[in-house]
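Student:
Chains as they are written, first to last, in the UniProt record's numbering: chain A, 1 to 203; chain B, 1 to 203.
1. Rounding to the nearest angstrom, what Cα-Cα distance links residue 181 of chain B and residue 24 of chain B in this structure?
2. Rounded to whole angstroms, what is the Cα-Cα separation between residue 31 of chain B and residue 93 of chain B?
3. Can you look up residue 48 of chain A in the DSSP assignment and give me helix, strand or coil?
4. If I follow the unbroken alpha helix (DSSP H) through residue 127 of chain A, where does it start and stop?
5. Using a threshold of 8 angstroms, state whether the C-beta atoms of residue 8 of chain B and residue 118 of chain B are closer than that.
6. What separation, rounded to the nearest whole angstrom, lies between the Cα atoms of residue 184 of chain A and residue 21 of chain A?
7. Cβ of residue 187 of chain A less than 8 angstroms from any chain B Cβ?
8. With DSSP collapsed to three states, give me the class of residue 105 of chain B.
9. Can you give me the C-alpha to C-alpha distance between residue 173 of chain B and residue 121 of chain B, rounded to a whole angstrom?
10. Within 10 angstroms of the Cβ of residue 163 of chain A, are there 16 or more other Cβ atoms? Answer buried if so, exposed if not.
11. Go ahead and label residue 42 of chain A buried or exposed: buried means 16 or more other beta carbons lie within 10 angstroms of its beta carbon, across all protein chains shown.
12. Helix or strand or just coil, what does DSSP make of residue 20 of chain A?
13. Starting from residue 177 of chain A and walking both ways along the alpha helix (DSSP H), at which residues does that stretch end?
14. Tell me whether residue 109 of chain A is buried or exposed, calling it buried when 16 or more other Cβ atoms sit within 10 Å of its Cβ.
15. From this set, A:125, A:196, A:199 and A:192, which residue's C-alpha is nearest residue 4 of chain A's C-alpha?
16. Give the secondary structure of residue 220 of chain B by DSSP, where H, G and I count as helix, E and B as strand, and everything else as coil.
17. Looking at chain B, which residues of the segment 18-30 of chain A have a Cβ within less than 9 angstroms of any of its Cβ atoms?
18. Taking a contact to mean a Cβ-Cβ separation below 8 angstroms, would you say residue 87 of chain A touches residue 34 of chain A in this structure?
19. Quick check on residue 167 of chain A: buried or exposed, where buried means 16 or more other Cβ atoms within 10 Å of its Cβ?
20. Step through the CB atoms of chain A and report whether any lies within less than 8 angstroms of the CB of residue 6 of chain B.
21. Taking the alpha-carbon positions, what's the residue 26 of chain A to residue 131 of chain A distance?
22. Rounded to whole angstroms, what's the CA-CA distance from residue 190 of chain A to residue 116 of chain A? Just pull it up for me.
23. Would you report the Cα separation of residue 169 of chain A and residue 79 of chain A, rounded to the nearest angstrom?
24. Which parts of the segment 47-99 of chain B are runs of the beta strand (DSSP E), unbroken and 3 residues or longer, counting only runs that do not cross its ends?
25. What is the DSSP secondary structure of residue 34 of chain A, counted as helix, strand or coil?
26. Quick one: give me the first and last residue of the beta strand (DSSP E) that residue 10 of chain A is part of.
27. Given residue 200 of chain A, which residues of its chain have a CB within under 8 angstroms of its CB, disregarding the five upstream and five downstream residues?
28. Using a 10 Å radius around the Cβ and a threshold of 16 neighbouring Cβ atoms, would you call residue 64 of chain A buried or exposed?
29. Since I believe residue 112 of chain B is in contact with residue 70 of chain B (beta carbons under 8 angstroms), could you give me their beta-carbon distance rounded to a whole number of angstroms?
30. Does residue 46 of chain B pass the burial test, meaning 16 or more other C-beta atoms within 10 Å, or should it be called exposed?
31. Relative to the alpha-carbon of residue 36 of chain A, which residue among A:29, A:53, A:48 and A:28 has its alpha-carbon at the smallest distance?
32. Classify residue 203 of chain A as helix, strand or coil using the three-state DSSP reduction.
33. Please name the residue, chosen from A:6, A:56, A:156 and A:186, that lies closest to residue 196 of chain B on a Cα-to-Cα basis.
34. Going by DSSP in three states, residue 158 of chain B sits in which element: helix, strand or coil?
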């Protein structure tokens with residue numbers, strides 16, 4: 001059996017990452033959305049092992065020390081990271097694993113797992129991103145401008161990714177994601193077992 | 001506008017290349033199946049510029065001398081090759097171009113156009129290929145064995161390709177081909193113009 005593909009999925013806030021993943025994952029069982037570990041406290045309704053793996057700072061640091069985190073970062077005094085074991089269990093079982101992570105963590109993955117497919121989601125234009133943020137009606141103009149300038153900053157990392165998905169529509173973006181994952185499985189380096197089987201027939 | 005992708009499509013005879021292409025290309029206008037040039041005489045019904053570009057040996061050799069062939073080979077005393085101009089006109093117009101060519105020509109393309117996506121089509125197993133060849137009922141057992149041993153020889157080139165499509169069913173293989181072509185367009189190096197546009201907004 002061929003191994004699953006590790007997929008890194010990033011993009012500026014407001015670009016629709018969650019909605020694309022939700023659309024793409026709906027009904028699929030051969031793809032797993034990785035669950036992050038964090039030292040922050042659970043919010044009401046959050047379940048350990050579903051939304052996050054909730055760890056103490058001591059547990060988290062121990063994992064780092066034993067190379068148990070594929071990537072991690074510290075935001076606002078809390079640690080966030082991707083536990084190595086849960087990812088590799090799935091990959092070894094032939095299941096693709098998607099990590100929805102920030103640029104900082106993504107670049108750690110790129111360094112440690114060069115075979116990972118790095119995907120960056122972008123809005124069709126800054127104008128479109130602005131009108132989406134305004135359209136939500138949940139934020140005042142000052143906050144919109146702040147988020148736009150943050151997005152512009154985050155998007156500078158795009159050239160370091162392997163693939164760019166432009167979120168014109170959710171359907172198109174989800175199909176793009178599907179095309180990338182399907183093509184990863186077709187890569188020659190991921191078909192070594194198949195090639196072995198074929199070439200050893202009646203050898 | 002982003003450039004089209006150059007796609008090399010090879011595989012042993014009997015693996016279903018033509019049927020997969022036919023299925024995939026049906027109704028598409030954004031993909032062009034390249035037309036080869038040859039010095040062999042047209043067969044009844046063959047049309048110049050449709051089935052092949054029919055050239056004299058002098059014309060063909062002149063093209064080679066002026067770097068006008070992306071790849072070429074000589075079989076049974078006749079030249080076959082891919083005219084460079086017709087391919088690049090399409091690519092520059094944003095149209096993907098598929099070259100259905102033999103391994104020898106494919107490896108020339110890989111050397112000269114490292115950005116090309118190299119796809120190799122394979123039967124699910126040698127056993128399945130044998131039963132497909134026998135099932136046609138058009139060849140005696142000696143010919144079947146000869147074609148099988150030829151296929152085994154051709155398939156040794158598979159590891160030099162970027163992607164392997166296993167022809168379990170025509171539908172699945174055509175969808176695999178679609179996934180590879182779609183993912184090529186998403187590659188960061190093929191989205192430079194989009195990135196430029198986004199980053200120069202309100203700069």
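In this text, a Cβ means the ideal position worked out from N, Cα and C, and glycines have one as well.
Tutor: Well, looking at it:
1. In the second chain, residue 181 of chain B corresponds to position 181, counting from 1. In the second chain, residue 24 of chain B corresponds to position 24, counting from 1. The C-alpha of residue 24 of chain B is placed about 11 angstroms away from the C-alpha of residue 181 of chain B.
2. Here residue 31 of chain B corresponds to residue number 31 of the second chain, with the count starting at 1. Here residue 93 of chain B corresponds to residue number 93 of the second chain, with the count starting at 1. Each residue's alpha carbon lies about 11 angstroms from the other.
3. Counting from one through the first chain, the residue named residue 48 of chain A turns up at place 48. When DSSP states are grouped into helix, strand and coil, residue 48 of chain A belongs to the strand group.
4. Position 127 of the first chain holds residue 127 of chain A. Segment 126-136, the alpha helix (DSSP H) holding residue 127 of chain A.
5. The residue labelled residue 8 of chain B in the question sits at position 8 within the second chain. The residue labelled residue 118 of chain B in the question sits at position 118 within the second chain. In this structure, residue 8 of chain B lies near residue 118 of chain B, with their beta-carbon atoms less than 8 angstroms apart.
6. Stepping through the first chain from its first residue, residue 184 of chain A is reached at position 184. Stepping through the first chain from its first residue, residue 21 of chain A is reached at position 21. Each residue's alpha carbon lies about 17 angstroms from the other.
7. For this step, residue 187 of chain A is matched to residue 187 along the first chain. Look at residue 187 of chain A: its C-beta is under 8 angstroms from a C-beta on chain B.
8. Locating residue 105 of chain B in the second chain gives position 105, counting from the first residue. Of the three classes helix, strand and coil, the one that applies to residue 105 of chain B here is helix, per DSSP.
9. Within the second chain, the letter at position 173 stands for residue 173 of chain B. Within the second chain, the letter at position 121 stands for residue 121 of chain B. Distance between the alpha carbons of residue 173 of chain B and residue 121 of chain B: 9 angstroms.
10. As a first step, residue 163 of chain A is located in the first chain; it is residue number 163 there, counting from the start. When all chains shown are included, residue 163 of chain A counts as buried.
11. Taking the first chain and counting its residues from 1, one reaches residue 42 of chain A at position 42. By the neighbour-count definition (other C-beta atoms within 10 Å, threshold 16), residue 42 of chain A is an exposed residue.
12. Here residue 20 of chain A refers to the residue found at position 20 when the first chain is read from its first residue. DSSP, read as helix, strand or coil, puts residue 20 of chain A in helix.
13. Translated into positions along the first chain, residue 177 of chain A becomes position 177. 170-186 is the extent of the alpha helix (DSSP H) around residue 177 of chain A.
14. What you label residue 109 of chain A is simply residue 109 of the first chain in a count that begins at 1. Counting C-beta atoms within 10 angstroms of its own C-beta, residue 109 of chain A has 16 or more neighbours from the protein chains shown and is therefore classed as buried.
15. Indexing the first chain from 1 puts residue 4 of chain A at position 4. Comparing Cα positions, the closest option is A:192.
16. With chain B covering 1 to 203 only, the question about residue 220 of chain B has no answer from this structure.
17. Close to chain B, meaning a Cβ-Cβ distance shorter than 9 angstroms, is no residue of the segment 18-30 of chain A at all.
18. As a working mapping, residue 87 of chain A is identified with position 87 in the first chain. As a working mapping, residue 34 of chain A is identified with position 34 in the first chain. For residue 87 of chain A and residue 34 of chain A, yes; Cβs fall inside 8 angstroms.
19. Position 167 of the first chain, counting from 1, holds the residue named residue 167 of chain A. Within a 10 Å sphere around the beta-carbon of residue 167 of chain A sit 16 or more other beta-carbons, which makes this residue buried.
20. Position 6 of the second chain, counted from the start, is the residue given in the question as residue 6 of chain B. Taking Cβ atoms only, chain A never reaches closer than 8 angstroms to residue 6 of chain B, which makes this a no.
21. Here residue 26 of chain A corresponds to residue number 26 of the first chain, with the count starting at 1. Here residue 131 of chain A corresponds to residue number 131 of the first chain, with the count starting at 1. Straight across, the Cα-Cα distance linking residue 26 of chain A with residue 131 of chain A is about 27 angstroms.
22. The residue labelled residue 190 of chain A in the question sits at position 190 within the first chain. The residue labelled residue 116 of chain A in the question sits at position 116 within the first chain. For the pair residue 190 of chain A and residue 116 of chain A, the Cα-to-Cα distance works out to about 12 angstroms.
23. Locating residue 169 of chain A in the first chain gives position 169, counting from the first residue. Locating residue 79 of chain A in the first chain gives position 79, counting from the first residue. Looking at the backbone, the Cα of residue 169 of chain A and that of residue 79 of chain A are separated by about 33 angstroms.
24. Counting only runs of 3 or more, we get 69-75 and 78-83.
25. The residue labelled residue 34 of chain A in the question sits at position 34 within the first chain. In the structure shown, residue 34 of chain A adopts coil according to DSSP, grouped into three states.
26. Within the first chain, residue 10 of chain A is the residue found at index 10, counting from 1. If you look at residue 10 of chain A, you'll find it in the beta strand (DSSP E) that goes 6-10.
27. Numbered from 1 along the first chain, position 200 holds the residue referred to as residue 200 of chain A. Nothing meets the Cβ criterion.
28. What you label residue 64 of chain A is simply residue 64 of the first chain in a count that begins at 1. By the 10 Å Cβ count, residue 64 of chain A comes out exposed.
29. By one-based count along the second chain, residue 70 of chain B stands at place 70. By one-based count along the second chain, residue 112 of chain B stands at place 112. Confirmed, Cβ separation roughly 6 angstroms.
30. One-based indexing of the second chain puts residue 46 of chain B at position 46. Label assigned to residue 46 of chain B: exposed.
31. Indexing the first chain from 1 puts residue 36 of chain A at position 36. Of A:29, A:53, A:48 and A:28, the residue nearest in Cα terms is A:53.
32. Here the question's residue 203 of chain A lines up with position 203 in the first chain. At residue 203 of chain A the pLDDT is 45, less than 50, meaning the model places this residue with poor confidence and gives no usable figure here.
33. Locating residue 196 of chain B in the second chain gives position 196, counting from the first residue. The shortest Cα separation from residue 196 of chain B among A:6, A:56, A:156 and A:186 belongs to A:156.
34. The count along the second chain starts at 1 and reaches residue 158 of chain B at position 158. Per DSSP, reduced to three states, the secondary structure at residue 158 of chain B is helical.
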